Every structure is written in structure tokens, then in C-alpha cells.
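Here is the structure we will look at.
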Ligand code: IPM
Ligand code: MN
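Residue numbers (this note's numbering): 18 to 389.
This is the structure in C-alpha cells:
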């Protein structure tokens with residue numbers, strides 16, 4: 018398959034983790050005989066300092082033309098600490114989501130058996146957790162009218178949803194549930210919010226067309242507790258933009274590190290694949306960031322194009338890195354392996370599924386990708 022992939026490294030550790038994902042895609046390209054073209058473009062704080070714009074026109078154009086975009090991370094301390102800043106790196110990502118119409122943000126939270134010691138939650142609570150969050154991504158409070166009074170003492174953010182926005186994502190989530198454990202939980206705050214009551218009405222109506230999927234509703238304040246106490250009860254979680262943002266980060270507590278979680282943002286004609294994690298500016302350039310979230314995001318990209326065997330090969334190589342303890346310090350404090358070493362190891366271990374995975378320890382000490 019021929020794929021043109023836009024690479025938006027962004028800020029902080031974004032570019033370095035993305036580089037590891039590209040190594041893996043190049044390994045897939047070579048092993049499975051595909052043709053991938055990669056084109057880099059600036060976004061976020063980096064783009065603001067180059068051009069004053071967190072999403073330059075050329076970057077947007079590239080993402081629209083490309084088959085898919087791999088995204089690193091966004092955000093910088095100088096903006097986080099300055100609420101007065103008029104132009105912010107995050108605006109680049111939000112505009113990109115809106116312009117590309119990426120209404121569905123899919124965030125799987127699946128516990129890897131070998132890493133189940135890693136979570137601060139007890140092993141028996143988290144083992145076997147396999148849930149996926151379907152977060153609405155182009156509406157709600159993120160995109161409603163914002164205002165600040167002239168004297169700066171009052172502010173508002175409007176939260177709006179339409180039936181059409183809710184139903185297109187709900188259908189996608191129910192279809193996913195049908196192929197998984199056949200359960201869908203709508204997370205909302207329908208006891209207080211009008212938008213949540215609309216979500217409940219629309220999704221409840223849609224649920225009738227999916228009789229084989231068990232449908233339930235849960236208030237968001239209860240959902241955050243349930244996710245920590247009994248994460249295994251969930252299969253597909255469907256929710257709005259803001260609640261999805263919060264719940265998905267909570268998923269990282271179950272997994273043990275935010276550095277392990279990938280995501281896909283899908284629209285009608287475009288898609289972006291990106292780790293959940295932020296730009297982690299303190300780690301930038303230190304070769305300590307975990308590249309696994311970015312690499313698993315590349316695997317989601319492959320799945321999106323139905324390159325399932327290829328995606329499985331990437332996941333298998335990631336699992337091998339866990340088994341062999343070729344992992345970064347966020348997972349194993351005593352680890353001596355850095356970002357690029359882990360990336361090389363995973364890329365080097367991408368092979369056809371029928372090939373015996375190279376369990377030869379020599380490869381660990383080799384630590385260099387033969388692909389790049
Ligand atoms: C995420 C991030 C973004 C969001 C920020 C960077 C705008 O936290 O993708 O979860 O809130 O959507
Ligand atoms: Mn977030």
C-alpha cells in the first residue's frame with residue numbers, strides 16, 4: 018500500500034517519540050513491502066516561534082492532502098504559566114481537529130499483562146482491563162463561544178451539542194461495542210446539564226438499533242470512581258469532549274504510565290494518530306521519554322488502513338520489549354534504556370507473524386535498528 022503520512026512532531030518530547038514511531042513504520046514498510054512517504058511540518062509552540070501561527074496554512078494543507086497524520090505532542094511551559102497569552106500552542110491542535118472534522122477520538126486503555134505490577138492500583142483490580150473511550154472531539158465546551166468581561170473579572174465558555182454531532186459518534190461507538198464485549202456506557206452529567214440530557218435521549222434512542230449491546234448510563238462523577246475501583250466492568254465508554262479528556266487521562270493510572278497510551282482521531286476524510294500524553298517539556302532532549310504511546314499510535318494508523326497483520330506485528334514487538342525489560346524509566350526505575358534504544362529494539366523486532374519472534378538476547382544488546 019502507498020501511504021503519504023504527515024509528521025507533526027510539535028513540542029517537547031513530541032519529535033523524539035515520533036521519530037521512534039517512524040522507525041517502526043519504516044520497518045513495517047520494508048518487512049511487508051509497502052511504500053510510505055513521510056513529510057514533516059511544524060505545529061504548536063515551535064510553529065508560533067517560527068511564524069506566529071500555531072497551525073500554519075502549509076501544515077493544515079499537508080494534513081488535508083495526506084492519507085494520515087502522525088502527531089507528537091503540544092504545549093510549552095511559557096504558555097502554561099501565562100494565562101494572558103493570546104496565541105497558544107493548543108489552539109493549533111484544536112483548529113486541526115476542527116478543520117479536518119475529526120469528531121471521533123478513540124482512546125483504548127488495555128492493561129498489558131507483563132506490566133500489571135506497574136499500576137499503583139492492585140493487580141487484581143486492573144488485570145484484564147480492556148476498555149476504549151469514544152470521546153467526541155469537535156464540539157462541546159471546547160468549541161463553544163468564549164468570553165471575558167472587559168474588566169477581566171467574569172468569563173464564560175458555552176457548551177453546545179446537536180443531535181447530529183451526538184448520533185454520528187454514538188453509531189460508531191455502538192458498532193465498535195458489537196465487535197468487542199458488547200457493552201456501552203454513556204458517561205454524562207444528565208442530572209445537571211442540558212447537553213447531557215440531550216446525549217442521554219439521543220443515545221438511548223440509538224441503543225434500540227443495537228439490541229445485542231448492553232447499554233447503560235453513568236454520571237461522570239461516579240464514572241471516575243468506578244474506573245478506579247472496577248475498570249474491568251467497562252467495554253466501550255461514550256462521552257463528550259470534556260469528560261472524555263478527563264476520563265482518558267485517568268486511564269493512564271490503570272495502565273501505570275501515560276507513556277503507553279495511543280489514540281486515533283477520525284473524521285470522514287482524515288485521521289490523526291497521537292499519543293495521549295502531553296509534551297513533557299522537562300524531558301525534552303534527555304532521551305528518557307517513553308516512545309511506546311507513539312509507536313502504538315502508529316499501529317492504530319496501520320489498523321485504520323486495515324493493515325491488521327502489520328499492526329499486530331508492531332504490537333507484538335512492543336510486547337517483546339516489555340518481556341525483555343527493554344523499557345524506559347517511567348516503567349522501570351532502574352532501566353538503563355533510553356527513548357531511541359527502545360525505539361530501535363521495537364523496530365528491529367517487527368517481523369511477519371508466522372516468523373518465530375527473535376527471542377535471542379543478542380538483539381537487546383545490539384540496540385541499533387537495522388532499518389534506519
Ligand atoms: C488531549 C489534550 C488536548 C485536549 C489539549 C492539548 C488541547 O489534553 O488530547 O487530551 O484537551 O484535547
Ligand atoms: Mn487530555
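Heads up, the beta-carbon is just placed ideally off N, CA and C, and yes, glycines get one too.
This structure is a prediction, so every number in the text was calculated from the model and none was measured.
Residues of its chain near residue i, where Cβ-Cβ distance is below 8 angstroms and the 5 sequence neighbours each way are ignored
i, result
"residue 300", "29, 30 and 306"
"residue 186", "120, 121, 151, 153 and 255"
"residue 118", "155, 284, 285, 286 and 287"
Three-state class that DSSP yields for residue i in the structure shown
i, result
"residue 126", "strand"
"residue 114", "helix"
"residue 370", "coil"
"residue 385", "At residue 385 the pLDDT is 39, less than 50, meaning the model places this residue with poor confidence; the figure from the coordinates comes in the next sentence. Coil."
"residue 332", "helix"
"residue 43", "helix"
"residue 340", "helix"
"residue 64", "helix"
"residue 269", "helix"
"residue 434", "Since the first residue shown for the chain is 18 and the last is 389, residue 434 is missing from the structure and cannot be characterised."
"residue 76", "helix"
"residue 230", "coil"
"residue 104", "coil"
"residue 19", "strand"
"residue 38", "helix"
"residue 313", "helix"
"residue 86", "strand"
"residue 236", "strand"
"residue 349", "coil"
"residue 92", "coil"
"residue 31", "helix"
"residue 355", "coil"
"residue 69", "coil"
"residue 324", "coil"
For residue i, the nearest candidate out of the options (CA to CA)
i, options, result
"residue 289", "130, 336 and 83", "83"
"residue 246", "233, 131 and 270", "270"
"residue 124", "338, 325, 345 and 316", "316"
"residue 141", "68, 221, 272 and 98", "272"
"residue 232", "239, 163 and 199", "199"
"residue 111", "259, 197 and 278", "259"
"residue 242", "138, 59 and 37", "138"
"residue 132", "219, 234, 275 and 321", "275"
"residue 294", "20, 34, 351 and 19", "34"
"residue 37", "314, 321, 346 and 348", "314"
"residue 217", "130, 304, 292 and 184", "184"
"residue 228", "244, 303, 192 and 262", "192"
"residue 365", "21, 312 and 196", "312"
"residue 57", "70, 68, 265 and 39", "39"
"residue 210", "127, 81, 158 and 352", "158"
"residue 85", "223, 25 and 136", "25"
"residue 244", "127, 356 and 109", "127"
"residue 213", "223, 194 and 234", "234"
"residue 196", "225, 262 and 230", "230"
Same chain only: Cβ atoms within 7 angstroms of residue i, ignoring 5 sequence neighbours per side
i, result
"residue 379", "Annotation note: pLDDT 40 at residue 379 (below 50); position unreliable, coordinate value reported separately. Taken in chain order, the list of residues that qualify is empty."
"residue 296", "27, 28, 29, 30, 31, 90, 91, 92 and 93"
"residue 190", "151, 201, 253 and 255"
"residue 107", "91 and 92"
"residue 309", "276, 277 and 335"
"residue 367", "41, 44, 45, 48, 330, 331 and 334"
"residue 59", "67, 73 and 76"
"residue 389", "The predicted position of residue 389 is uncertain, since its pLDDT is 34 and thus under 50; no value can be drawn from it."
"residue 79", "23, 56 and 58"
Residues near residue i by beta carbon distance below 6 angstroms, same chain, minus five either side
i, result
"residue 249", "145 and 146"
"residue 115", "155"
"residue 319", "327 and 328"
"residue 73", "64"
"residue 323", "none"
"residue 394", "Lying before the first or after the last residue shown, residue 394 is absent from the chain, which here runs from 18 to 389."
"residue 238", "none"
Contact test: residue i Cβ vs the ligand ATP heavy atom, cutoff 6 angstroms
i, result
"residue 349", "Ligands present in the displayed structure are limited to the ligand IPM and the ligand MN, and the ligand ATP is not among them."
* Asked: Below 8 angstroms, can you find three or more Cβ-Cβ pairs linking the stretch 199 to 206 to the stretch 160 to 180?
  -> no
* Asked: For the stretch 116 to 186, which segments carrying the beta strand (DSSP E) assignment without a break, of at least 3 residues, lie completely within its bounds, in sequence order?
  -> 121 to 127, 147 to 153, 163 to 165 and 172 to 174
* Contained alpha helix (DSSP H) runs [length at least 4] in the stretch 179 to 228, N- to C-terminal order -> For the stretch 179 to 228, whole alpha helix (DSSP H) runs of length 4 or above, ordered along the chain, are 180 to 196 and 211 to 224.
* **Sufficient close CB pairs (3 or more, under 8 angstroms) joining the stretch 45 to 57 to the stretch 336 to 349** => no
* **Completely contained alpha helix (DSSP H) runs for the stretch 239 to 302, where each covers 4 or more residues** => For the stretch 239 to 302, whole alpha helix (DSSP H) runs of length 4 or above, ordered along the chain, are 258 to 272.
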